[in-house]
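**Q** Okay, so the sequence shown: first residue is 2 according to my numbering, each after it adds one.
Think of the CB as a built atom: it goes at the ideal place given N, C-alpha and C, for glycine as much as any other residue.
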Amino acid sequence: MSSNFEIIQKDAAGRIGRLTTPHGVVETPTIMPVINPNIQTIKPSEMRDFGAEILITNSYIIYRKDELREKALKDGLHSLLDFDGPIMTDSGSFQLSVYGEVEVTNEQIIDFQQKIGTDIGVPLDIPTPPDVPRSRAESELETTIERLAQARELVKDGMLLAGPVQGSTYPDLRERCARELSELNFDVYPFGAVVPMMESYRYADLVDAIVSAKKGLDPTAPVHLFGAGHPMMFALAVALGCDLFDSAAYALYAKDGRYMTSHGTYHIENLHYLPCSCPVCVKHTADELNNAEDRVELLARHNLYVTFEEMRLVKQSIKEGNLLELVELRCRAHPRLLEGLKQAYKHSDWLEQCDPASKSTFFYCGPESADRPEVLRFSNRLERLTIKGTAIIRTNPTKRDSEYDNLLTFKPPFGAYPVELGEVYPFNAEVVATPDHEVLGRALENTIRLIELNPDAEFTFIRKGELEHPLFDKLAGIANVVDNRGQE
Ligand SMILES: [Zn+2]
2 MSSNFEIIQK DAAGRIGRLT TPHGVVETPT IMPVINPNIQ TIKPSEMRDF
52 GAEILITNSY IIYRKDELRE KALKDGLHSL LDFDGPIMTD SGSFQLSVYG
102 EVEVTNEQII DFQQKIGTDI GVPLDIPTPP DVPRSRAESE LETTIERLAQ
152 ARELVKDGML LAGPVQGSTY PDLRERCARE LSELNFDVYP FGAVVPMMES
202 YRYADLVDAI VSAKKGLDPT APVHLFGAGH PMMFALAVAL GCDLFDSAAY
252 ALYAKDGRYM TSHGTYHIEN LHYLPCSCPV CVKHTADELN NAEDRVELLA
302 RHNLYVTFEE MRLVKQSIKE GNLLELVELR CRAHPRLLEG LKQAYKHSDW
352 LEQCDPASKS TFFYCGPESA DRPEVLRFSN RLERLTIKGT AIIRTNPTKR
402 DSEYDNLLTF KPPFGAYPVE LGEVYPFNAE VVATPDHEVL GRALENTIRL
452 IELNPDAEFT FIRKGELEHP LFDKLAGIAN VVDNRGQE
């Protein structure tokens with residue numbers, strides 16, 4: 002368990018936390034802008050203006066270039082970058098994954114990171130890409146764990162040490178790796194080699210990689226989703242328990258003429274209007290931005306503004322307890338993100354264990370809302386509801402309410418619950434009057450189970466005439482189903 006990380010507030014598996022580093026405290030979730038030690042589109046000293054509290058750079062690039070290495074060893078990393086806040090450094094693992102080899106050992110790069118005063122150092126792990134044969138994923142995982150154990154021995158105090166969780170697209174390997182690394186007690190757990198999944202929009206696989214690794218970790222350990230820099234997926238990743246992100250995307254996209262938004266990316270040449278009010282966008286028209294001499298820098302600035310704006314919104318949503326509403330909204334931006342959302346809700350049993358039992362109002366955002374942890378929690382607790390005597394289940398109060406021993410409200414996606422719970426979370430949910438088919442189905446399943454769990458009670462169900470579902474036939478077999486027309 003990391004004593005450097007304190008959780009302040011939770012929503013779903015997401016949290017607002019405080020990570021203590023040698024150069025100060027960082028509030029998470031946050032994004033670390035990636036600084037290229039050679040070329041800087043935007044100076045590190047300016048990064049705070051965008052909202053950055055911590056930066057990330059590559060110690061291997063510094064190590065390999067004499068001029069940078071000498072300066073870093075003499076004056077320190079913070080002086081080299083001219084930034085006095087926390088700085089994380091990567092180790093060359095990325096270069097290893099691209100070129101197949103690096104000119105440094107694990108021991109050397111760990112030693113170097115310590116000497117230059119890195120706040121969070123990373124060992125030279127092996128980022129195993131998705132879809133490799135299981136035997137390769139397993140053997141590379143062994144090497145990664147060996148190197149991480151060696152690094153843990155070398156770093157005793159001062160620098161925080163990251164323990165990257167690998168395992169390719171094998172969820173059980175990810176979980177096992179996380180479990181073994183937890184034993185070694187790292188300060189931050191990056192989830193590695195997920196960039197290829199994000200580049201090909203494999204959000205469902207990304208969700209599985211995150212959840213399986215999270216399951217192997219202490220829930221209070223800080224997590225870094227390595228290489229995740231597009232704002233449209235922050236809400237989803239934070240809701241699954243990721244705390245740190247890094248963005249090279251702001252600069253890489255800018256170089257390509259790509260303009261980020263919280264729901265996708267535009268090519269600047271295709272933009273007739275700028276749908277943003279950041280300092281860059283209020284000073285330029287789309288045409289001016291496209292034709293500007295410093296287009297790359299201006300785009301990089303805009304991209305950073307929207308990146309931090311989205312993270313602030315994610316944090317506000319955690320404070321308000323409606324992060325899952327934001328996730329459902331964002332995941333409608335792209336069908337592959339929607340697949341990610343559906344996959345996330347397949348893990349609702351896990352999310353339910355992380356999720357605070359009481360939040361603000363549950364907002365129905367679409368059929369996927371029926372799979373939210375709160376709905377699962379209610380289904381799991383139906384056994385606790387004991388109904389005796391006569392009971393009426395209805396959507397709204399009726400004239401005949403007083404004739405029954407028990408009054409229950411029917412509200413999809415939950416089902417039937419005692420009216421006394423109506424003002425209590427999550428039953429105070431804002432829902433649509435005409436539920437989607439799947440959502441009505443979920444509510445009817447729960448209602449049927451509740452009736453079956455209480456065989457001695459006598460149930461009357463007031464059916465709103467316009468609602469249609471095959472499960473009404475099953476319901477009619479165990480309860481007295483009455484059409485509401487003429488009843489209310
Ligand atoms: Zn802008």
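#1: Along the beta strand (DSSP E) that carries V166, what are the first and last residues, could you check?
#2: Consult DSSP for I388 and reduce its assignment to one of helix, strand or coil.
#3: Report the option in T391, R333, I449 whose CA atom is closest to the CA atom of P368.
#4: Relative to ligand 1, is the shortest distance from any of its heavy atoms to the C-beta of L275 smaller than 8 Å?
#5: Count the C-beta pairs between the segment 464-477 and the segment 431-449 that are closer than 8 Å, then say yes if the count reaches three, no if not.
#6: Is the CB-CB distance between T129 and A138 below 9 Å?
#7: Taking H79 and G118 to be in contact with their CB atoms under 8 Å, please state how far apart those CB atoms are, rounded to whole angstroms.
#8: Could you spell out the range, first to last residue, of the alpha helix (DSSP H) harbouring Y61?
#9: In chain order, which continuous runs of the beta strand (DSSP E) of length 3 or greater are located wholly inside the segment 403-484?
#10: Smallest Cα separation from E54: which of P34, A179, K72, E340?
#11: Verify whether the separation of the beta carbon atoms of L300 and R259 is less than 9 Å.
#12: Among the residues of its own chain, which have a CB less than 6 Å from the CB of T342, if the five just before and after it don't count?
#13: Could you spell out the range, first to last residue, of the beta strand (DSSP E) harbouring E181?
#14: State yes or no: is the C-beta of D173 within less than 9 Å of the C-beta of S140?
#15: Taking C-alpha atoms, which residue in H264, D85, Y365, L290 lies nearest to L272?
#16: Do you know how far the Cα of V189 is from the Cα of M2?
#17: Verify whether the separation of the beta carbon atoms of A287 and L275 is less than 9 Å.
#18: Would G423 pass as a contact of S361 if the rule is Cβ separation under 9 Å?
#19: Using 8 Å for Cβ pairs, my map puts P87 next to D120. What's the rounded Cβ distance?
#20: In chain order, what residues of the same chain lie with their CB nearer than 8 Å to the CB of D83, ignoring the 5 residues before and after it?
#21: Whose CA, out of E469, C366, E453, lies closest to the CA of E431?
#22: Quick one: Cα of Q114 to Cα of A152, how far?
#23: Output the distance between the C-alpha atoms of S183 and L155, rounded to the nearest integer angstrom.
#24: What does the Cβ neighbour count give for H348, buried or exposed, with the cut at 16 atoms within 10 Å?
#25: Based on DSSP bridge pairs, tell me the residues matched to R15.
#26: Which term fits G168, buried or exposed, when burial requires 16 or more other beta carbons within 10 angstroms of its beta carbon?
#27: Would you kindly work out how many angstroms separate the C-alpha atoms of E181 and S136, rounded to a whole number?
#28: Taking buried to mean at least 16 other C-beta atoms within 10 Å of its own C-beta, is N407 buried or exposed?
#29: On the criterion of 16 or more Cβ atoms from any shown chain inside 10 Å, does E311 qualify as buried, or is it exposed?
#30: Alpha carbon to alpha carbon, what distance is there between V133 and Y171?
#31: State the Cα-Cα distance for the pair N381 and F460, rounded to the nearest angstrom.
#32: Under 9 Å between the Cβ atoms of L97 and I63?
#33: CB-CB under 8 Å to E439, same chain, minus the five flanking residues each way: which ones, in chain order?
#34: Under 8 Å from any heavy atom of ligand 1, does the C-beta of H264 make it?
#35: Rounded to a whole number of angstroms, what is the C-alpha to C-alpha distance between H231 and P23?
#36: Would you list the residues sitting across from E7 in a DSSP beta bridge?
**A** According to the data block:
#1: Here V166 belongs to no beta strand (DSSP E), and DSSP marks it neither H nor E.
#2: Reduced to three states, the DSSP call for I388 is coil.
#3: Comparing Cα positions, the closest option is R333.
#4: Checking the Cβ of L275 against ligand 1 gives yes.
#5: The answer is yes - the segment 431-449 touches the segment 464-477, with three or more Cβ pairs under 8 Å.
#6: For T129 and A138, yes; Cβs fall inside 9 Å.
#7: About 6 Å separates the Cβ atoms of H79 and G118, confirming a contact at the 8 Å cut-off.
#8: Its alpha helix (DSSP H) spans residues 60-65.
#9: DSSP runs (the beta strand (DSSP E)) wholly in the segment 403-484: 407-412, 416-419, 459-464, 481-484.
#10: E54 has its Cα closest to that of P34, out of P34, A179, K72, E340.
#11: At a Cβ-Cβ threshold of 9 Å, L300 and R259 count as neighbours.
#12: First, the amino acid is wrong: residue 342 is Leu here, not Thr. If we look at L342 and ignore the five residues flanking it on each side, its Cβ neighbours are C332, E369.
#13: Run containing E181: none in the beta strand (DSSP E); it sits in the alpha helix (DSSP H), 172-185.
#14: No, these two residues do not count as a Cβ contact at 9 Å.
#15: Just measuring C-alpha positions, the residue of H264, D85, Y365, L290 sitting nearest L272 is L290.
#16: Here the model assigns M2 a pLDDT of 47, short of 50, so the residue's position is not dependable and the matter cannot be decided.
#17: Contact annotation: A287 and L275 have beta-carbon atoms nearer than 9 Å.
#18: Not a contact, by the Cβ cut-off of 9 Å.
#19: Sure, about 4 Å apart at Cβ, within 8 Å.
#20: Hits under 8 Å: K44, P45, S46.
#21: When only C-alpha atoms are compared, the closest one is C366.
#22: Roughly 11 Å separates the two Cα atoms.
#23: When rounded, the distance between both Cα atoms is 17 Å.
#24: Residue environment: H348 is assigned as buried (16 or more neighbouring CB atoms within 10 Å of its CB, all protein chains considered).
#25: Looking at the sequence shown, residue 15 is not Arg but Gly. Beta-bridge pairing links G15 to D12.
#26: Buried: at least 16 other Cβ atoms inside 10 Å.
#27: Cα to Cα, the separation comes out at about 18 Å.
#28: Looking at its Cβ environment, which holds 16 or more other Cβ atoms inside 10 Å, N407 is buried.
#29: Under this definition E311 is a buried residue.
#30: Straight-line Cα distance between these residues: approximately 9 Å.
#31: One C-alpha to the other measures close to 21 Å.
#32: Not a contact, by the Cβ cut-off of 9 Å.
#33: P368, A371, listed in sequence order.
#34: No heavy atom of ligand 1 is found nearer than 8 Å to the CB of H264.
#35: When rounded, the distance between both Cα atoms is 28 Å.
#36: Beta-bridge partners assigned by DSSP to E7: R19.
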